[in-house]
Every structure is written in structure tokens, then in C-alpha cells.
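Novice: Sharing a structure with you now.
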DNA sequence: TCTTGACCTTCCAGTAGGTGGAAGCCCTAT
DNA sequence: ATAGGGCTTCCACCTACTGGAAGGTCAAGA
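Residue numbers (my numbering), protein chains in the order written: chain A, 1 to 145; chain B, 1 to 145.
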């Protein structure tokens, strides 16, 4: 099966599939002309990956899930542990964003938003005390959401 | 003022401050020995940036906010518009994560998590229909949370 | 005066998870 | 024979930094 075909059936862009090969998630064979030749199992794996990614699992988690996926003897406890820790992170992120949302909403509501320059949002950003930030965790850009 | 001093007072790592200079957010002068020499205004700008970033504004939004910060004639409407669109994105993200959380929680609850291999989580990831994904937006990795 | 250590500099690479584009084969249909 | 679409590799770019190496600078203490 050519990459275009697999792309269409799995819903993943061809670029992404090549990238997944690069990082070792799939190992399609090659034809004589150099074209990748995907087996049906590869298609299943890619579709599995697409679903796991759409649930927000990281590539590393996907790697583990994939090995569990291919292990017929794996225990459901192993899978559950991964899903649980992912769920905990999602819920944590939700809480952080909700605190952020509340702060922003408060600022937006208090800003009259007209032609005059005075603005509570700017005042807040300019303020050098720390009252506002007491309950707001820092963004962790390294999390790459 | 040396970078270490500014770092301590603004709460931003020195590396980050150098990076902010690289991308043109601050322009400290230089001493004869090559050391950066920050003015008090630079410190204010960096503290402002730190607060805006902690509220989740992107670097590009910070750039705009900074120009508004330095414009005493700016209208509060301009600031409000940026904050509002940011708030909308935050709320959108919260909704997505909540849908995700609900799905994951359901899967986790249904998985008995013992030594046996059968696992609803795996079943869901393996399933090739689209029922589950109907209400779940795709992760947008380009958003870089 | 010498040395130690803290502080500063630049530059390069890496992070996660891809995406965009260029240059160039390959294959099929007309 | 040629046009097109599909396939290949490779390199660069995105966000917002962070880590580390190699080396210059400065102030304090022996």
C-alpha cells in the first residue's frame, strides 16, 4: 500500500506518517523503486496512533501504548496507569486554564474599552505587586499543549 | 544594571532576557566590557512581559501589548480586544480539554485495571469507527500550550 | 600579585510534533 | 513524448525558550 492510500485510510497526513517512520513508530518496507510499502498492520498501527494522539497522549506515551497494543499478554493495569496519569495532567491543565480565564474575564469586564487610555488590564500588567498572581500557576511552555 | 540584577528583580531567567533582546523586545545598551546595561525602563518592560506571559499571552501579543504599554495615547479598546481574543482562546481550550477529560475518565473508570489483558481503553484506541471522536476536537499542536 | 569564583559573553543544539517547500525520480494516461 | 500526479529526500521553520561549552571580566582574599 502506498503512503497516499495509507494517509487517506488512517486520516494522517503523509508528512506525519513519514515523520512517524523517522522516529521509529512504524517500519514500512520498501519497493524496488524506493516507495514505501505499508502492510495492513501498519495501517492499523497508524490509525491507532491517530486516535491516541487525538486523545492527547504524547508521542512517548503512544510509543508505550503501541507496545502494549502489540502485546496480547499485557495487563489492563498497565494501560490504565498511562491513561490515568494522562487524565490527571489534563485535569490539572484545566484547573490552570480556569484560573487564567477567571483572571482575564475579570480584567476584560472591568475595562470599559473605549477611546480613553486608562485601562485596568494595562494597570494590572504594569503593577509590580504580586496580589494577582497568588493563585495562578505559571504557564509551562515546555509542556507544549 | 547587569543582567543578573535585572533577572532577580524581574523574575525572568537571564537566558530568557537575552532571548527577549534577540527577538527585539528590549534593547539594553552595552558597557565597554560588552556587558549589557539595563535601564530602569527595561526592567519595567521585562516585568511587564513576565506578567503578560504568565497570563498566557503569546510573544506576539506581548509585542503588541508592549507597544500599547509605551503609548500613552492608546485606547483601552485596543488592549481589551487583545485580552478578549486571548480569553476566547483560553475558554475554547478549556472546553476541548473538558471533553477530553470526560472521554478519558469514562475509559479509565470502565477499565478494571488488573492482570488480565482485556481493556476498554485499548478497545477504544483500536476501534476503527468514529463514534467516540464525534464531539472531540483534534489537538492543535501548533498552539503550543 | 596571583588565584579563585562568580558573573558575563557568544554560539550551537535541542525540546515536541510536526509543516512547508524545493529539487528531483517514477508511473500512467493521452 | 509529455503532462500530471505521486513519491522520494533534505532542509528550514514554528513556539518560547533552555542547556551547555568555551571563553572574557571583575572583585575579593591570601
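In this text, a Cβ means the ideal position worked out from N, Cα and C, and glycines have one as well. All values reported here derive from a predicted model rather than from experimental measurement.
1. Secondary structure at residue 31 of chain A, three-state DSSP: helix, strand or coil?
2. Can you tell me where the alpha helix (DSSP H) holding residue 4 of chain A begins and where it ends?
3. Out of A:13, A:1 and A:23, state which residue places its alpha-carbon closest to the alpha-carbon of residue 37 of chain A.
4. What three-state label does DSSP hand residue 37 of chain A in the structure shown?
5. What are the residues in the segment 81-104 of chain A lying within 8 Å of chain B by C-beta distance?
6. Contact between the segment 77-95 of chain B and the segment 61-68 of chain B: three or more CB pairs below 8 Å?
7. Using CA atoms only, rank isn't needed, just tell me which of B:17, B:67 and B:31 is closest to residue 50 of chain B.
8. Alpha carbon to alpha carbon, how far is residue 40 of chain A from residue 15 of chain B? Give it in angstroms, no decimals.
9. Return the chain-ordered list of same chain residues with a C-beta closer than 7 Å to the C-beta of residue 29 of chain A, the five sequence neighbours on each side being excluded.
10. Can you tell which of B:57, B:110 and B:100 has its C-alpha closest to the C-alpha of residue 171 of chain A?
11. Going by DSSP in three states, residue 109 of chain A sits in which element: helix, strand or coil?
12. I'd like to know whether the C-beta atoms of residue 79 of chain A and residue 97 of chain A end up nearer to each other than 8 Å.
13. Using a C-beta to C-beta distance shorter than 9 Å, which residues of chain B count as neighbours of residue 74 of chain A?
14. Hey, how far is the Cα of residue 117 of chain B from the Cα of residue 123 of chain B?
15. Within 10 angstroms of the Cβ of residue 113 of chain B, are there 16 or more other Cβ atoms? Answer buried if so, exposed if not.
16. Anything in chain B within Cβ reach of residue 48 of chain A, meaning under 8 Å, just list it in chain order.
Specialist: Here's the rundown:
1. coil
2. 3-10
3. A:1
4. In the structure shown, residue 37 of chain A falls within a strand segment according to DSSP collapsed to helix, strand and coil.
5. 81, 83, 84, 86, 87, 90, 91, 93, 94, 97, 98, 100, 101, 103 and 104
6. Counting Cβ pairs under 8 Å, three or more are found: they touch.
7. B:17
8. 48 Å
9. 37
10. Residue coverage of chain A in this structure runs from 1 to 145, which leaves residue 171 of chain A outside it and unanswerable.
11. helix
12. Not closer than 8 Å, so no.
13. 117, 119 and 122
14. Roughly 11 Å between the two C-alpha positions.
15. buried
16. 125 and 126
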